[in-house]
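The next block holds one structure in the form of structure tokens; read it before the comments.
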Amino acid sequence: MLTSTLRSCLIIYVLPTCLLSTVVVPDYPFVYKPSFDGFPCSLKATIQRDDIYASLAKSDQVWKSHWIIYFVIVCQASSLCLILNIDDAHRIRERVSKMHATNQGNTSPWKYERVEWNGPDSTLAVTFTKIGHVDDDLTVEAFEQYIIDISMSIPDVDRGKESRFTCRVWFKEAIRRLNDAQLFVNCPDVDALEKELNRKATALQYAQLDITLPKLLVAKKAAPWSS
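Residue numbers (mature numbering (1 follows the signal peptide of the UniProt record, and there is no 0)): -21 to -1, 1 to 206.
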């Protein structure tokens, strides 16, 4: 990432906060708040449906992370929906999408992948940083069209800066495309965002402090196009 010793893989992720012990605020059915019943929730701010998050997760290599794009939308009943049972009369279905480049732990060629992932409940997740927002009526498939055809190779803009293709390189190109669309993520300086995300995740992961992960953050170098 920033140097040859600090390289990470980025994931774009849209998510609900603290699925381990999550409750839905009754007056605001799509706003989540942490529940401290039985387990301390490390995601202290609320997470809203349709917000876009950059997630950095632990990898099998020291000083490296996996980079992801993540978000949650309401969906029709299907096997791809995560069902949050509030009570017998009130339940909300969420579609949780993780988008990233993967080579399955160096066992296969790089490829794009979209999967369902309960990120806040993952022991590998380090940070979820809000970077953008999608419209209420946008489907996962429609959003995906902006990034699904990214080549698994170093883009021209990164030649000379990157020695090889990684999920972090894919992530940066995905952010550029989302910025160019002027709809989802406003990020004119992708390299600055990369440095911000990597610095915060590295500090949290290796600070040797009694910190419960993952942490919810808000990016300074990226924001929704419209508030």
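Quick reminder that beta carbons are idealized off the backbone N, C-alpha and C, glycines included.
- Residue 120 and residue 126 have their C-alpha atoms roughly 10 Å apart.
- Bounds of any alpha helix (DSSP H) do not take in residue 105; it lies within the beta strand (DSSP E) bounded by 104 to 112.
- The beta-bridge partner set that DSSP reports for residue 195 consists of 107.
- Comparing C-alpha distances from residue 34 to each of 84, 101, 48 shows the shortest one belongs to 48.
- Between the region 81 to 92 and the region 154 to 174, the count of Cβ pairs shorter than 8 Å is below three; the stretches do not touch.
- Restricted to the region 119 to 150, the alpha helix (DSSP H) segments that are unbroken, complete and at least 4 residues in length are 119 to 123, listed in chain order.
- Of all C-beta pairs linking the region 192 to 206 to the region 102 to 112, three or more are shorter than 8 Å, placing the two stretches in contact.
- In the three-state DSSP reduction, residue 173 falls in the helix class (H, G or I).
- For the options 84, 80, 163, the alpha carbon positioned closest to that of residue 147 is the one of 80.
- Taking all protein chains shown into account, residue 152 has 16 or more neighbouring C-beta atoms within 10 Å of its C-beta and is therefore buried.
- In the three-state scheme derived from DSSP, where H, G and I count as helix and E and B as strand, residue 93 is classed as strand.
- Assigned with DSSP and collapsed to three states, residue 35 falls in strand.
- Non-local C-beta neighbours of residue 82 in its own chain, meaning closer than 6 Å and more than five positions away in sequence, comprise 89, ordered along the chain.
- Pairing residue 94 with residue 77 gives a Cβ-Cβ distance under 7 Å.
- Bridge pairing for residue 165: 202 [DSSP].
- Residue 100 sits in a helix when the DSSP states are folded into three classes.
- Here the alpha carbons of residue 30 and residue 115 stand approximately 10 Å from one another.
- Taking all protein chains in view, the Cβ of residue 185 is surrounded by fewer than 16 other Cβ atoms within 10 Å, so the residue is classified as exposed.
- Looking only at 197, 169, 43, 141, the smallest Cα-Cα distance to residue 84 is reached by 43.
- Only buried fits residue 169, as 16 or more other CB atoms lie within 10 angstroms of its CB.
- Residue 118 counts as exposed, since fewer than 16 other C-beta atoms from the protein chains shown sit within 10 angstroms of its C-beta.
- Residue pairing for residue 87: DSSP places it in no beta bridge.
- In terms of Cβ geometry, residue 182 and residue 200 do not form a close pair [threshold 7 Å].
- Between residue 150 and residue 133, the beta carbon gap of about 13 Å keeps them out of contact (Cβ cut-off 8 Å).
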